[in-house]
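Numbering (our numbering), first residue to last: 8 to 432. No residue lacks a Cβ here, since even glycine has one placed at the ideal position from N, Cα and C. Quick caveat: nothing in here was measured; it's all calculated off a predicted structure. Each remark here refers to the structure printed beneath this line.
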Ligand code: GDP
Ligand code: IMO
Ligand code: MG
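Structure (structure tokens):
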């Protein structure tokens, strides 16, 4: 069997959690392949809203197995809080959740390092979620990190002390305080809790599932424009958020990748610093934020809002090999009588391009817009044959430009507010 991948094509928060939950009944396994508690994936059903950070979004489906893959950075403290929040829903978490022994551990000093590095950057700060993501991936790459499987080893405490010592040296250089005595008990408690879960050799687990015919959905975190290689560097996260990341983050061969679901909002948002060519710093941006409730699921920060950006979407589609597009939050644009679509970028030398320039961060990019008519009517929860003409025109325009069928339209946060299009181009 193949592994389908679902990932964000913009700067994160496209609605991945909702759609993984919607698609999960079709899959035997849902697997997260990168990122960590910087993610906030929202699911809504039966009038309840859930936000998941590290646990895959298939967890509410009783027969779906959920895997936290080796590419993830896992914070045991956040993990315990997440599990505790799920307790009242009587899910079979201990049965259905599997954690890779090769996932990297986030320890409390990683969060302190994140803060120290951001402070040192001053005005150039990334706008990190400060969950310790960057520093834990740094330790992984510099071959001094701790992994989930290490918690089972007799010398775990020794290894932990060594890493804390290294972190303390760096923190001292940043004049940052670390009271490890205070942090240690809470962390060790959370590690003891983590040990009671299924810590496994996930690459074997997943490949055996595939061999026996199981269907697998890989769930991305963040978005392609935050990818460490292809995003708006340095204003990015520290992992490969693109489809290739599913191979290294789960231990599956490239030939195993099946459908690549690329998910995007009908407009654009971004949290944190960095370029955002179509950002609306005006009344329209405010309206979008209010209507779309655009506040970070992890940090509560207001999201920057703007019109849809086709050059960057085309770039993401290219890098990921997207086979199906899923458009979210169509309902939010109901408030506008005119909808703008950025088709090209005008650069400071006057040239016009549909490509994302290398100097994405330093170049002054002016978006070139095409204007379409808005649908100006509520669409939340409508059926496919109730799609207003102007929304149909918007969808057709995007399909033509992006050259990939849009097979799903989301019209509200709830599971049920979802149109699976039979008539995709
Ligand atoms: P993720 O990180 O990609 O899972 O996305 P987030 O959960 O961070 O942000 C998406 C937000 O939009 C959440 O609050 C969702 O409940 C909400 N949402 C998802 N789809 C829709 C939609 O079609 N319409 C509206 N209005 N909200 C949506
Ligand atoms: P989901 O999975 C939106 C952003 C941060 C910051 C940059 C680096 O919910 O879509 P980091 O904490 O990784 O050091 O932050 O990336 N960021 C996200 N933005 N959605 C996310 O995840 C994000 N995860 C990180 O705001 O700009
Ligand atoms: Mg999110």
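Close-in-space but distant-in-sequence residues of the same chain around residue i (CB under 7 angstroms, 5 per side omitted)
i, result
"residue 233", "18, 19, 243, 244, 248"
"residue 431", "412, 413, 414"
"residue 343", "381"
"residue 236", "247"
"residue 9", "263, 264, 265"
Residue i - containing alpha helix (DSSP H), residue span
i, result
"residue 209", "209 to 218"
"residue 194", "187 to 201"
"residue 151", "Counting along the chain, residue 151 falls outside any alpha helix (DSSP H), and DSSP gives it neither H nor E."
"residue 257", "251 to 257"
Buried/exposed call for residue i, threshold 16 Cβ in 10 Å
i, result
"residue 260", "exposed"
"residue 268", "buried"
"residue 305", "buried"
"residue 121", "buried"
"residue 359", "exposed"
"residue 53", "exposed"
"residue 85", "buried"
"residue 220", "exposed"
"residue 89", "buried"
"residue 396", "exposed"
"residue 176", "exposed"
"residue 50", "buried"
"residue 288", "exposed"
"residue 127", "exposed"
"residue 454", "The question about residue 454 has no answer here: the residues shown for the chain are numbered 8 through 432."
"residue 424", "buried"
"residue 226", "buried"
"residue 393", "exposed"
"residue 284", "buried"
"residue 39", "buried"
"residue 417", "buried"
"residue 241", "exposed"
"residue 194", "buried"
Top-ranked residue by Cα proximity to residue i, from the options
i, options, result
"residue 92", "60, 37, 107, 257", "60"
"residue 340", "262, 312, 406, 24", "312"
"residue 222", "229, 263, 286, 230", "263"
"residue 206", "156, 188, 408", "156"
"residue 76", "179, 211, 49, 119", "211"
"residue 322", "335, 183, 352", "352"
"residue 438", "100, 364, 281", "No answer is possible for residue 438: the residues shown for the chain start at 8 and end at 432."
"residue 150", "23, 112, 135", "112"
"residue 56", "419, 427, 174", "419"
"residue 83", "62, 94, 67", "62"
"residue 197", "24, 28, 81, 143", "81"
"residue 229", "333, 208, 22, 9", "22"
"residue 3", "184, 78, 139, 192", "It is not possible to answer for residue 3, since the shown part of the chain is limited to 8 through 432."
"residue 355", "367, 348, 11, 347", "367"
"residue 173", "253, 187, 347", "187"
"residue 334", "273, 48, 357", "273"
"residue 276", "168, 16, 125", "16"
"residue 168", "153, 357, 209", "153"
"residue 12", "79, 293, 252, 182", "252"
"residue 24", "401, 87, 105, 224", "224"
"residue 388", "325, 336, 379, 117", "336"
"residue 400", "365, 346, 429, 422", "346"
"residue 45", "372, 137, 373, 403", "137"
Continuous beta strand (DSSP E) stretch holding residue i: start and end
i, result
"residue 335", "331 to 335"
"residue 73", "72 to 75"
"residue 352", "345 to 353"
"residue 171", "From DSSP, residue 171 is part of no beta strand (DSSP E) but of the alpha helix (DSSP H) over 163 to 180."
"residue 426", "425 to 427"
"residue 227", "223 to 230"
Sequence-distant residues of the same chain with beta carbon closer than 8 angstroms to residue i, five excluded per side
i, result
"residue 71", "31, 32, 34, 35, 36, 37, 65, 103"
"residue 385", "338, 341"
"residue 350", "317, 318, 361, 375, 376, 377, 408"
"residue 214", "258, 259"
"residue 202", "158, 159"
"residue 178", "116, 119, 120, 123, 184, 185"
Residues of its chain near residue i, where Cβ-Cβ distance is below 6 angstroms and the 5 sequence neighbours each way are ignored
i, result
"residue 329", "267, 269, 411"
"residue 190", "115"
"residue 145", "none"
"residue 308", "278"
"residue 286", "311, 313"
"residue 58", "47, 49, 304"
"residue 281", "239, 242"
Entirely within the segment 356 to 423 and at least 4 residues each: give me those alpha helix (DSSP H) ranges in chain order.
396 to 409
Quick one: complete alpha helix (DSSP H) runs, 4+ long, within the segment 265 to 337?
290 to 299, 317 to 327
Segments assigned beta strand (DSSP E), at least 3 residues, entirely inside the segment 8 to 35:
10 to 15
Which parts of the segment 39 to 121 are runs of the beta strand (DSSP E), unbroken and 3 residues or longer, counting only runs that do not cross its ends?
48 to 52, 55 to 59, 72 to 75, 104 to 107
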